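In my numbering, the protein residues as written are 15 to 276.
Beta carbons: idealized from backbone N, C-alpha and C, even for Gly.
Predicted model only: the values in this text are computed from it and were never measured.
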Ligand code: SAH
């Protein structure tokens, strides 16, 4: 995967590529990354990349010529890569989009600044606009990093352990289970006993059930996108039974019943 980021702050991206999984994926040839400094494609002694908006008003706009030249340089380096603009007005980024983008051989990521880029560059050059959420950043670099990070961890071999991306949240529209490491007791809280049992089948089942419970409580919308499988239906039936017993106890005036207090 070849990442080419167009930016006026290449150092921001370099720091990101130089650390952690990105660094290792680079060392192993899984990704190759380049920052193109838009300023290098600007004309004149001052290499200006922004200008005042037509129609007046505050803020600056990224000039079209340096951006167009930078995009054309990027396309020479990665001819099949789509040109993506990071923009709060774009399609909302999610795991499904990360999976789609991971299938490309390269991605050209255009990072805006100020009020954004000249609209004619968007019309002429941009294949896809991507937003990382309904909030406004000062620049597209952070958004480009989010996209590259999520895409990279999906590339075969990038995480070291082949199946660690397989259990992540949003894979198959479910959230991941909770995770625990040593010590077995921390500030009075124990690790769930099943995780210490050494029984891999039981552990796998506990993890699927824990992920299902988190999905049900935190993101029930995901359960509607992908219907329950037989195992999940059985787990929910069991919980329903337990909930029914609790509610019945309350109606019968058992402990926890509010009938006494009105
Ligand atoms: N005036 C623009 C916002 C410009 S913010 C508007 O209201 O639509 C400056 C740059 O930050 C943008 O060009 C874009 O590249 C980046 N950016 C800001 N918020 C973003 C978001 N939520 N997702 C992706 N990129 C974003």
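Residue burial classification, residue i (beta-carbon count within 10 angstroms, cutoff 16)
i, result
"residue 30", "buried"
"residue 11", "What the structure shows of the chain is the stretch from 15 to 276, and residue 11 is not part of that stretch, so it cannot be assessed."
"residue 27", "buried"
"residue 223", "buried"
"residue 225", "buried"
"residue 55", "buried"
Proximity to residue i [Cα-Cα], best of the options
i, options, result
"residue 192", "208, 201, 202", "208"
"residue 94", "80, 262, 118", "118"
"residue 38", "23, 115, 175", "175"
"residue 111", "61, 211, 162, 181", "162"
"residue 136", "252, 88, 104", "104"
Backbone secondary structure at residue i - three-state DSSP
i, result
"residue 112", "helix"
"residue 142", "strand"
"residue 153", "strand"
"residue 252", "helix"
"residue 102", "strand"
"residue 274", "Confidence at residue 274 is low in this model, with a pLDDT of 49, below 50, so the placement of that residue should be treated as unreliable; the coordinate-derived value is given next. It is coil, neither helix nor strand."
"residue 56", "coil"
Any non-hydrogen atom of the ligand SAH within 6 Å of residue i CB
i, result
"residue 120", "no"
"residue 20", "no"
"residue 81", "no"
"residue 150", "yes"
"residue 129", "yes"
"residue 100", "yes"
Below-7 Å beta-carbon distance, residue i vs any chain C residue
i, result
"residue 163", "This model lacks chain C altogether, as it is built from one protein chain only."
- Curious, which full-length alpha helix (DSSP H) runs of at least 4 residues does the region 206-241 contain? 214-232, 234-239
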